[in-house]
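Student: First the structure, which I've put down as structure tokens, then a few questions once you've had a look.
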Amino acid sequence: MELKLGILVNEGPYTHQASDTAYHFTKAALEKGHEIFRVFFYHDGVNNGTRFTVPPQDDRNLQKAWSELAAKAKLDLVVCIAAAQRRGILDTGEAKRHGKDSDNLAPGFRISGLGQLVEAGIVADRLVTFGD
Amino acid sequence: MPTLHTINKSPFERSSFASALNHLLPGDALLMIEDGVVGARKSSAFAGRLEAAAKTCRVYVLGPDLAARGIAEKDVVAGATLVDYGGFVDLVTGHDRTQAWL
Amino acid sequence: MNDGKATNGAAGAKKRFMYVNRKAPYGTIYALESLEVVLISAAFEQDVSLAFLDDGVYQLTKGQNTTAIGMKNFSPTFKALGDYEIKKLYVEKESLDERGLAPEDLMQITYEDEDEDYAEKPLIHIVSRSELTEILARQDVLFNF
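Residue numbers (the numbering used here), protein chains in the order written: chain S, 1 to 132; chain A, 1001 to 1102; chain P, 2001 to 2145.
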């Protein structure tokens, strides 16, 4: 049976494996025909959404991997606004509003409120959490 | 109404593995991922507790994480089943809820 | 809090949401950011409860004083949960025992029950490990941070 899944990512890339596992899980779920209702990035997970990461060439680029998967599968990648502002992840509007000289949100990601996580819990058939 | 419990930390590092085992109901499933697969190695100091859990629950290990840590399939505790990421997805959809013991 | 209110019509019946708190406050941000989700979720009119086990029981201790570490003491926020219609805080007895804590070491958190002439009722329920295991198994969604 095909289900709607919500994904919660609590850690940033590279320090923890959480984002890698979430990415492989999401890909596998899509291949099985399930719908990914939303991927919500919370806590340090918001660090998956900066386009300023420059990992070494022989390492995976998780931000790019998420952005490409989002484009291909029309994923809704949501970065928590409160967590993002604490950690310096800003979209164009937020950067302007706070007088910062640049924004850094990666393609395919959007910044929104915690209500988006609660909504994922309500709408999705299952919520799967990846963290530390 | 069985629950899937995911464990991503070694039982030698944190108490979350033991905590998960303390909150299992018969018929629940346990899936070791990331550093959690360290708990799946047979003849470890922890193996007895996992084997005991396997008597009333189903026990799974994420194969890619096992391979990454150099644990061979033959060295996994009796009663544990290897799954890939697709199998992980099936476990999530096949249970009513997922409890992540972070 | 009415602005963010979601109607349940489209999404169907209320879901049982449980926020599982297993980490002490301040050493990591998980406890604080978990509480932030709890407060937001109140606006969505779901059946919300909180579990405190393992080091999570330390989120509810009384007498927290964060002045010297330079961080905000967010423990008073738990006392407001009743106003958000969140009235079920389950604390695992074994987790308290293991840590040398007693129920008296926790904050007194109450709400006024409007159905019973505004009698003060406790929000915190001390439950055994096996009771909490059963409660977890009755939920629709478990939030872990």
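We put the CB at the ideal spot given by N, CA and C, even for glycine.
Which of helix, strand or coil does DSSP assign to S:K4?
Tutor: Counting from 1 along the first sequence, the entry for residue 4 of chain S is found at position 4. It is a strand residue.
Student: Determine the chain A residues that contact S:G131 at a beta-carbon separation under 9 angstroms, and present them in chain order.
Tutor: Reading the first sequence from its first residue, position 131 is the one you call residue 131 of chain S. Ordered by position in chain A, the residues that pass the 9 angstroms Cβ test against S:G131 are N1008, A1100, L1102.
Student: Excluding the five sequence neighbours on either side, which residues of its own chain have a C-beta within less than 6 angstroms of the C-beta of S:I111, listed in chain order?
Tutor: Against the first sequence, residue 111 of chain S aligns to sequence position 111. Closer than 6 angstroms at Cβ, skipping near neighbours: V79, I81, A84, D91.
Student: Would you give the residue range spanned by the beta strand (DSSP E) that P:V2127 belongs to?
Tutor: Taking the third sequence and counting its residues from 1, one reaches residue 2127 of chain P at position 127. Under the DSSP assignment, P:V2127 falls in the beta strand (DSSP E) whose first and last residues are 2124-2127.
Student: So is P:V2153 buried or exposed if we call it buried at 16+ other beta carbons inside 10 Å?
Tutor: Any property of residue 2153 of chain P remains undetermined from this structure, which presents chain P solely from 2001 to 2145.
Student: Name, please, each residue of chain S whose Cβ falls closer than 7 angstroms to the Cβ of P:Q2046.
Tutor: On the third sequence, residue 2046 of chain P is found 46 positions in, with the first residue counted as 1. Here the neighbours are I122.
Student: If you measure from the beta carbon of S:G12 to each beta carbon in chain P, is any gap under 8 angstroms?
Tutor: Working through the first sequence from its first residue, we reach residue 12 of chain S at position 12. No, no contact with chain P.
Student: Look at the alpha carbon of S:T50 and the alpha carbon of S:K64, and state the distance between them as a whole number of angstroms.
Tutor: Position 50 of the first sequence, counted from the start, is the residue given in the question as residue 50 of chain S. Position 64 of the first sequence, counted from the start, is the residue given in the question as residue 64 of chain S. Cα to Cα, S:T50 sits roughly 10 angstroms from S:K64.
Student: Can you find a C-beta in chain S that's less than 8 angstroms from the C-beta of P:F2078?
Tutor: The residue labelled residue 2078 of chain P in the question sits at position 78 within the third sequence. So, not an interface residue.
Student: Write down the C-beta distance between P:D2105 and P:K2062 rounded to the nearest angstrom, noting that I regard them as a contact closer than 8 angstroms.
Tutor: Counting from 1 along the third sequence, the entry for residue 2105 of chain P is found at position 105. Counting from 1 along the third sequence, the entry for residue 2062 of chain P is found at position 62. Indeed, because the Cβ distance is near 7 angstroms, the residues count as touching under 8 angstroms.
Student: I need the straight-line Cα distance from S:N61 to S:E119, nearest angstrom please.
Tutor: Taking the first sequence and counting its residues from 1, the one referred to as residue 61 of chain S is at position 61. Taking the first sequence and counting its residues from 1, the one referred to as residue 119 of chain S is at position 119. So the alpha carbons of these two residues sit roughly 29 angstroms apart.
Student: Going by the beta-carbon positions, is the gap between P:N2021 and A:Q1099 smaller than 8 angstroms?
Tutor: As a working mapping, residue 2021 of chain P is identified with position 21 in the third sequence. As a working mapping, residue 1099 of chain A is identified with position 99 in the second sequence. Cβ atoms of P:N2021 and A:Q1099: not closer than 8 angstroms.
Student: Could you please give the first and the last residue of the uninterrupted beta strand (DSSP E) stretch that includes A:L1062?
Tutor: For the purposes of this step, residue 1062 of chain A is identified with residue 62 of the second sequence, where counting begins at 1. First-last of the beta strand (DSSP E) with A:L1062: 1058-1062.
Student: Ends of the beta strand (DSSP E) at A:Y1085?
Tutor: As a first step, residue 1085 of chain A must be located in the second sequence, where it is residue number 85. Careful: A:Y1085 lies outside any beta strand (DSSP E), inside the alpha helix (DSSP H) at 1085-1093.
Student: Strictly under 8 angstroms for the Cβ-Cβ distance: is A:Y1085 near chain S by that measure?
Tutor: Taking the second sequence and counting its residues from 1, the one referred to as residue 1085 of chain A is at position 85. It does; some Cβ of chain S falls within 8 angstroms.
Student: Does the contact criterion of 3 or more C-beta pairs under 8 angstroms hold for the segment 2093-2100 of chain P versus the segment 2121-2133 of chain P?
Tutor: Result yes; three or more Cβ-Cβ pairs closer than 8 angstroms.
Student: Which residues, in chain order, does the segment 1008-1034 of chain A contribute to contact with chain P at a C-beta distance below 9 angstroms?
Tutor: S1015, S1016, S1019, N1022, H1023, L1024, L1025, D1028
Student: Taking CB distances under 8 angstroms as the criterion, tell me whether A:L1082 reaches chain S.
Tutor: For the purposes of this step, residue 1082 of chain A is identified with residue 82 of the second sequence, where counting begins at 1. Residue-level contact check: A:L1082 does not touch chain S, since none of the beta carbons of chain S fall below 8 angstroms from its beta carbon.
Student: Please compile the residues from chain P whose C-beta is within a distance smaller than 9 angstroms of the C-beta of S:A82.
Tutor: For this step, residue 82 of chain S is matched to residue 82 along the first sequence. Simply E2033, E2036.
Student: What's the call for P:K2023, buried or exposed, on a 16-neighbour Cβ count within 10 Å?
Tutor: By 1-based counting over the third sequence, the position of residue 2023 of chain P is 23. Burial call: buried.
Student: Which ranges would you report for the alpha helix (DSSP H) in the segment 2079-2133 of chain P if only whole runs of at least 4 residues count?
Tutor: You should have 2093-2098.
Student: Measuring only between beta-carbons, confirm whether S:F25 sits less than 8 angstroms from chain A.
Tutor: Walking along the first sequence from the start, residue 25 of chain S turns up at place 25. Output row for S:F25: interface = yes.
Student: Using a threshold of 8 angstroms, state whether the C-beta atoms of A:A1143 and A:L1031 are closer than that.
Tutor: The question about residue 1143 of chain A has no answer, for chain A in this structure spans 1001 to 1102.
Student: Would you mind telling me which residues of chain A sit closer than 8 angstroms to S:H43, beta carbon to beta carbon, in chain order?
Tutor: For this step, residue 43 of chain S is matched to residue 43 along the first sequence. Those do not exist, as S:H43 stays about 10 angstroms from chain A at its closest Cβ, beyond 8 angstroms.
Student: If we ignore side chains and look at the alpha-carbon of each, how far apart do P:I2126 and A:F1046 end up?
Tutor: Mapped onto the third sequence, residue 2126 of chain P falls at position 126. Mapped onto the second sequence, residue 1046 of chain A falls at position 46. So the two alpha carbons sit approximately 30 angstroms from each other.
Student: Can you check the segment 42-86 of chain S for any beta strand (DSSP E) of at least 3 residues that lies completely inside it and give the ranges in chain order?
Tutor: Entirely contained in the segment 42-86 of chain S, the beta strand (DSSP E) runs reaching 3 residues are, in chain order, 77-80.
Student: How would you list, in chain order, the residues of chain A whose beta-carbon sits under 9 angstroms from the beta-carbon of P:L2136?
Tutor: For the purposes of this step, residue 2136 of chain P is taken as the residue at position 136 of the third sequence. Near P:L2136 (Cβ distances below 9 angstroms), the residues of chain A are T1003, H1023, L1025, R1097, Q1099.
Student: Quick one: does P:N2144 have its CB under 8 angstroms from some CB of chain A?
Tutor: Position 144 of the third sequence, counted from the first residue, corresponds to residue 2144 of chain P. Yes, because at least one Cβ of chain A sits closer than 8 angstroms to the Cβ of P:N2144.
Student: Step through the CB atoms of chain S and report whether any lies within less than 8 angstroms of the CB of P:V2141.
Tutor: The residue you call residue 2141 of chain P lines up with position 141 of the third sequence. In terms of beta-carbon proximity, P:V2141 lines the interface with chain S, with at least one pair separated by less than 8 angstroms.
Student: If contact is defined by three or more beta carbon pairs under 8 angstroms, each pair taking one atom from either stretch, is the segment 65-78 of chain S in contact with the segment 12-29 of chain S?
Tutor: yes
Student: Judging by CA-CA distance, which residue of P:D2115, P:E2114, P:Y2084 is the nearest neighbour of P:E2045?
Tutor: Indexing the third sequence from 1 puts residue 2045 of chain P at position 45. Among P:D2115, P:E2114, P:Y2084, the Cα nearest to that of P:E2045 is on P:Y2084.
Student: Going straight from the alpha carbon of A:T1056 to that of P:A2137, what length do you get?
Tutor: Your numbering for residue 1056 of chain A matches position 56 in the second sequence. Your numbering for residue 2137 of chain P matches position 137 in the third sequence. One C-alpha to the other measures close to 16 angstroms.
Student: Can you tell me the Cα-Cα spacing of S:T21 and S:G33, whole angstroms?
Tutor: In the first sequence, the residue the question calls residue 21 of chain S occupies position 21. In the first sequence, the residue the question calls residue 33 of chain S occupies position 33. Going by C-alpha positions, S:T21 is about 19 angstroms away from S:G33.
Student: Ordered along the chain, which non-local residues of its own chain (more than five positions away) have a Cβ less than 7 angstroms from that of P:L2035?
Tutor: In the third sequence, residue 2035 of chain P corresponds to position 35, counting from 1. Correct list, in chain order: F2074, T2077.
Student: Below 9 angstroms on C-beta distance, what does P:K2015 contact in chain S?
Tutor: Taking the third sequence and counting its residues from 1, one reaches residue 2015 of chain P at position 15. Residues of chain S passing the Cβ test: G121, I122.
Student: If the cut is a Cβ gap below 8 angstroms, which residues of chain S does A:F1088 touch?
Tutor: Here residue 1088 of chain A corresponds to residue number 88 of the second sequence, with the count starting at 1. Within chain S, F25, A28 have C-beta atoms less than 8 angstroms from the C-beta of A:F1088, given in sequence order.
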